[in-house]
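In the working numbering, the protein residues as written are 470 to 957.
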């Protein structure tokens with residue numbers, strides 16, 4: 470079975486290429502946008518304003534009486550705006566087109582109208598006529614609202630393109646190969662994208678013909694310095710520039726610093742990516758690296774849920790905690806709680822709490838020894854607590870304090886964080902979010918003495934695709950594993 474010094478293929482960790490152990494902390498001044506309609510703050514508000522105005526005008530034009538427009542708009546907007554937000558209709562894009570957005574807008578408007586009809590019928594009691602407005606007026610409302618919203622969005626996009634031409638944002642291109650040079654030519658020739666290339670990052674500057682319009686600024690190791698010097702807001706990774714794990718980790722760090730990161734496929738992969746959901750740059754398909762999880766909508770809700778659930782949980786299970794503490798005291802003697810340093814968000818060290826499941830060892834051994842399921846220091850009580858994960862319950866206090874979250878990558882000891890970070894470039898990216906009591910890797914069986922590479926992959930997948938529903942699924946799967954424990 471794979472231990473901390475070996476992956477499942479038998480390669481020693483310290484035999485692998487060295488990489489950073491922890492992600493660099495956020496630096497000030499990188500990725501901060503100037504004002505203007507094309508900024509990531511102003512554009513979503515302008516698009517939401519256009520949708521709101523369309524709803525108000527359509528509701529006024531189709532209202533059966535003077536009191537109905539306000540009521541209809543108040544019922545429709547609370548459904549339409551969140552649906553559009555969740556569907557990415559308020560997201561900043563490279564290519565702006567109201568016609569491209571129209572199908573998604575129409576589908577969400579239909580769902581929002583159905584919600585408004587149901588709410589109206591509940592409030593007025595007019596169930597037979599689809600609410601007080603009636604079916605024909607509702608159809609007229611929808612048919613009028615959609616073109617008005619499309620026109621409003623088209624005008625916002627027109628103003629955005631003008632603002633982009635006047636105040637372009639600097640962009641860095643990763644990869645000076647054929648695709649990178651073609652992308653640079655497009656951006657220089659088409660200022661409506663609002664991106665002004667400042668140069669390339671490429672480990673092989675020989676690829677660039679002499680006398681070109683843009684310089685090669687260095688390899689990926691200087692990315693942070695280039696971002697700060699040029700106050701870069703966007704990064705375009707072309708071709709195979711993002712194929713290796715080390716460069717992907719660098720791109721993730723650029724996203725953490727506030728940059729929008731776009732991935733463009735190589736020329737050979739062009740056809741296979743055409744149908745993928747994403748954006749395009751003058752016909753070149755591109756996919757945006759997801760915003761850092763902690764900057765997404767819903768992260769505040771996640772923290773509020775952590776506080777409420779951890780606080781309530783500690784109160785409800787206090788008798789169980791007392792029983793576990795007495796059992797540990799009986800088996801191992803004094804020192805029922807086990808305190809150990811672990812690495813959390815951005816590499817910060819905190820003290821993790823657990824019920825003691827092993828007989829005490831010296832501090833150095835505790836910090837550097839890899840625990841396995843059949844450790845001879847584990848008694849029957851400790852084995853039961855670990856099998857049922859009851860030894861983890863004191864970490865609810867860590868969650869309440871803010872050291873951890875209920876769901877996130879599992880925390881590890883600093884000694885092993887350093888070793889694993891040197892062996893696996895993606896391992897350090899786990900620390901972009903708070904560590905958790907349970908995580909995607911754990912509910913997929915990656916607990917205890919399992920592949921570190923697999924754990925890092927699952928943890929980063931969780932971070933890249935984070936949403937509240939994913940947290941709920943992981944908590945439900947964790948509860949099922951506690952009910953049906955299969956060991957760790």
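Using N, Cα and C, we set each Cβ at its ideal position, and we do this for glycine too.
Being a predicted model, the structure only gives us computed values, none of them experimental.
Item	Value
Cβ of residue 691 within 8 Å of any chain B Cβ	Included in the structure is just one protein chain, with no chain B present.
Distance between residue 913 and residue 706 (C-alpha atoms, nearest Å)	31 Å
Boundaries of the alpha helix (DSSP H) in which residue 787 is found, first to last residue	787-801
Residue 849 CB to nearest heavy atom of the ligand NAD below 7 Å	Absence of the ligand NAD is noted for the structure shown, with no ligands found whatsoever.
DSSP-derived helix/strand/coil call for residue 726	coil
Distance CB(residue 875)-CB(residue 905) smaller than 8 Å	yes
Euclidean distance between Cα positions of residue 892 and residue 629	45 Å
Beta-carbon proximity of residue 725 to residue 901, cut-off 8 Å	yes
Residue 572 - DSSP class collapsed to helix/strand/coil	helix
Beta-carbon proximity of residue 723 to residue 692, cut-off 8 Å	yes
Start and end residues, alpha helix (DSSP H) containing residue 697	692-699
Alpha-carbon spacing of residue 754 relative to residue 623, whole angstroms	22 Å
Span separating the alpha-carbon of residue 907 from that of residue 947	7 Å
Residue 456 (DSSP reduced to helix, strand or coil)	This structure does not reach residue 456, given that the chain is present from 470 up to 957, and the question cannot be answered.
Per-residue DSSP class, three states only, for residue 873	coil
Residue range of the alpha helix (DSSP H) that includes residue 529	511-531
Within the region 799-828, ranges of the beta strand (DSSP E) (whole runs, at least 3 residues)	806-812 and 818-824
Inter-stretch contact (C-beta, 8 Å, three-pair minimum) for the region 550-558 and the region 574-584	yes
Check whether residue 883 and residue 813 have beta carbons under 8 Å apart	no
For residue 750, the residue or residues it bridges with in DSSP	753
Contiguous beta strand (DSSP E) assignments of at least 3 residues, all confined to the region 870-947	874-876 and 905-907
Coarse secondary structure for residue 643, derived from DSSP in three states	strand
Cβ distance (whole Å) where residue 767 is taken to contact residue 937 below 8 Å	5 Å
Nearest neighbour of residue 565, chosen from 588, 625 and 777 [CA to CA]	625
Same chain only: Cβ atoms within 6 Å of residue 704, ignoring 5 sequence neighbours per side	641, 723, 728 and 730
Alpha-carbon spacing of residue 825 relative to residue 919, whole angstroms	22 Å
DSSP-derived helix/strand/coil call for residue 489	Its pLDDT being 49, under 50, residue 489 is placed unreliably in this model, and the coordinates cannot settle the point.
Cα-Cα separation, residue 877 to residue 616	43 Å
Neighbourhood of residue 923 by C-beta distance below 6 Å, restricted to the same chain and skipping five residues each side	915
Residue 665, DSSP secondary structure in three states	strand
Which residues DSSP lists as bridging residue 768, in chain order	The partner list for residue 768 (beta bridge, DSSP) is empty, contrary to what the question assumes.
Beta-carbon proximity of residue 866 to residue 909, cut-off 8 Å	no
Helix, strand or coil at residue 497 [DSSP, three-state]	Residue placement at residue 497 cannot be trusted, given a pLDDT of 41 that sits under 50; what the coordinates show is reported in the next sentence. Correct three-state label for residue 497: coil.
Minimum C-alpha distance to residue 607 - residue among 657, 527 and 557	527
Secondary structure of residue 857, DSSP reduced to three states	coil
Where residue 703 falls: helix, strand or coil (DSSP)	strand
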